[in-house]
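Student:
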Amino acid sequence: MKKNKPEADGKKSDMALGVPIIRLNSVDSTNNYLKKHPELWDRQFCAVMAYEQTGGRGRYARTWHSEPGLDITFSVVFLPAMPPEDLSCVTLYAGLAVHRALRHLDSSLSLKWPNDICHINKKIGGILCEMILSGEKPVVIIGIGINVNSTRFPDDLSGTASSLKMITGFDHDPDLIAEEILDQIALLMPDFRVPMDESVLSEWISVSTSIGSVVTFSGRGGEELGVIKGINPDGSLRITDSRDGEVNFYRGEIIFIDAG
1109 MKKNKPEADG KKSDMALGVP IIRLNSVDST NNYLKKHPEL WDRQFCAVMA
1159 YEQTGGRGRY ARTWHSEPGL DITFSVVFLP AMPPEDLSCV TLYAGLAVHR
1209 ALRHLDSSLS LKWPNDICHI NKKIGGILCE MILSGEKPVV IIGIGINVNS
1259 TRFPDDLSGT ASSLKMITGF DHDPDLIAEE ILDQIALLMP DFRVPMDESV
1309 LSEWISVSTS IGSVVTFSGR GGEELGVIKG INPDGSLRIT DSRDGEVNFY
1359 RGEIIFIDAG
């Protein structure tokens, strides 16, 4: 597939649901771009998409790999009507929106807590949510990266990464994939609340491979081994630890030991 021709920096276009997009040829990080442009914070779901992202990152400042013109990297402004302490489920809602947009491509697409979009045992996308304050009001920047048409990955990712093209066997239009995701974000995120709506939580669990997984996590006694038993309405995990006690895990490093 030929790489998409870059559009001029700053060119805007409207999506089907009225979500404005700023398209950039190249940027270090679309999340960083939005953080540096507070004039964009007053428009719900304003999005920035980059043809090339040179310094993409995921959780814990890990590098996010994407191929210019083949994959999608974009960030969205979300203006929640609640205080910062009530934003624990933003990543889960965003992940569900991504899943809704892509699920028609393959029924095996799934979510892995808290921010991965997967196919079987391989990752095709990730989400990085960051919060900043505008006065006393929180502004959430939702960064999304999806492997769309890439078929080659760095050696350290070749065994754990996949793409929509590798899954389906054919090319996809990155712009169209981004539009479909933005549409679903614009439809779902206005219903954001904590605790999560029961129907949203049930849907998330139904498309997740996390329940039943064996993991290591930072527990009361340092690094512990446990099994994920469920997801709470506040977005935290219920994990049975090695002492058969149940803990609620909110944030921090978690490693999935078994496949999924």
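Its first residue numbered 1109, the sequence shown is counted upward by one per residue in my numbering.
Ideal Cβ positions, reconstructed from N, Cα and C, are used throughout, including at glycine.
Quantities reported herein were computed from a predicted structural model and do not represent experimental measurements.
Check each candidate in Arg-1208, Glu-1244, Gly-1267 and name the one with the smallest Cα separation from Ser-1316.
Tutor: Ranking Arg-1208, Glu-1244, Gly-1267 by Cα distance to Ser-1316 puts Arg-1208 first.
Student: Please state whether the Cβ-Cβ distance between Val-1302 and Ser-1216 is less than 8 Å.
Tutor: In this structure, Ser-1216 does not lie closer than 8 Å to Val-1302 by Cβ.
Student: Can you have a look at Val-1163 and say buried or exposed, based on whether 16 or more other CB atoms are within 10 angstroms of its CB?
Tutor: Val is not the amino acid found at residue 1163; the sequence shown has Gly there. It counts as exposed.
Student: Cα separation between Ile-1285 and Tyr-1159?
Tutor: Approximately 14 Å, taken between the alpha carbons.
Student: Around the C-beta of Thr-1268, are 16 or more other C-beta atoms found within 10 angstroms, so that it is buried, or is it exposed?
Tutor: Exposed: under 16 other Cβ atoms inside 10 Å.
Student: Which residues in the same chain have their Cβ closer than 6 Å to the Cβ of Pro-1282, if we skip the five residues on either side of it in sequence?
Tutor: If we look at Pro-1282 and ignore the five residues flanking it on each side, its Cβ neighbours are Ile-1180, Val-1256.
Student: To which residues of the same chain is Asp-1211 closer than 8 Å at the C-beta, ignoring the five residues directly before and after it?
Tutor: It should be noted that the sequence gives Arg, not Asp, for residue 1211. The answer, listed in chain order, is Leu-1217, Val-1315.
Student: Tyr-1141 to Ile-1235, Cα distance in whole Å?
Tutor: For Tyr-1141 and Ile-1235, the distance between alpha carbons rounds to 16 Å.
Student: Give every residue of the same chain whose Cβ lies closer than 6 Å to the Cβ of Cys-1226, excluding the five residues on either side of it in the sequence, and list them in chain order.
Tutor: Ser-1218, Lys-1220, listed in sequence order.
Student: Is it buried or exposed for Thr-1138, if we count other Cβ within 10 angstroms and need 16 for buried?
Tutor: Under this definition Thr-1138 is a buried residue.
Student: Assuming Ile-1365 and Val-1308 form a contact by the criterion Cβ under 8 Å, report the distance between their Cβ atoms to the nearest whole angstrom.
Tutor: Incorrect: roughly 28 Å between the Cβ atoms, too far for contact.
Student: To which residues of the same chain is Thr-1324 closer than 6 Å at the C-beta, ignoring the five residues directly before and after it?
Tutor: If we look at Thr-1324 and ignore the five residues flanking it on each side, its Cβ neighbours are Glu-1331, Leu-1333, Ile-1363.
Student: Between which two residues does the alpha helix (DSSP H) harbouring Ser-1306 extend?
Tutor: As written in the sequence, residue 1306 is Glu, which differs from the Ser given in the question. 1306–1314 is the extent of the alpha helix (DSSP H) around Glu-1306.
Student: Of the choices Asp-1264, Arg-1131, Trp-1312, Gly-1327, whose alpha-carbon is the least far from that of Val-1198?
Tutor: Taking only the C-alpha atoms, the option nearest Val-1198 is Trp-1312.
Student: Where does the unbroken beta strand (DSSP E) through Thr-1426 begin, and where does it stop?
Tutor: Because the chain is modelled from 1109 through 1368, residue 1426 falls outside the range shown and cannot be assessed.
Student: Keeping to the same chain, check which residues put their C-beta closer than 6 Å to that of Met-1304; ignore five residues upstream and five downstream.
Tutor: Cβ within range, chain order: Cys-1197, Pro-1341.
Student: Please list the terminal residues of the continuous alpha helix (DSSP H) segment that includes Glu-1287.
Tutor: Here the alpha helix (DSSP H) through Glu-1287 covers 1282–1296.
Student: What's the C-alpha gap between Asp-1349 and Ile-1336?
Tutor: The alpha-carbon atoms of Asp-1349 and Ile-1336 are separated by roughly 9 Å.
Student: For my contact list, Ile-1250 and Phe-1186 are in at a C-beta cut-off of 8 Å; report their separation, rounded to the angstrom.
Tutor: At roughly 6 Å, the Cβ-Cβ gap stays under 8 Å, so Ile-1250 and Phe-1186 are in contact.
Student: Are Phe-1153 and Ala-1294 touching if we call contact CB-CB under 8 Å?
Tutor: Yes, the Cβ-Cβ distance between Phe-1153 and Ala-1294 is below 8 Å.
Student: Measuring alpha carbon to alpha carbon, tell me which residue in Glu-1361, Pro-1128, Pro-1192 is nearest Met-1239.
Tutor: Among Glu-1361, Pro-1128, Pro-1192, the Cα nearest to that of Met-1239 is on Pro-1192.
Student: Could you name the residues that DSSP lists as bridge partners for Ser-1226?
Tutor: Per the sequence shown, residue 1226 should be read as Cys rather than Ser. Ser-1218, Lys-1231.
Student: Hey, which unbroken runs of the beta strand (DSSP E) at 3 residues or more fall wholly within the stretch 1322–1350?
Tutor: The stretch 1322–1350 contains these whole beta strand (DSSP E) runs: 1322–1327, 1330–1339, 1345–1349.
Student: Using the rule of at least 16 other Cβ atoms within 10 Å of the residue's Cβ for burial, across every protein chain shown, is Tyr-1168 buried or exposed?
Tutor: Reliability of the predicted coordinates at Tyr-1168 is poor, the pLDDT of 48 falling under 50, and no value is obtained from them.
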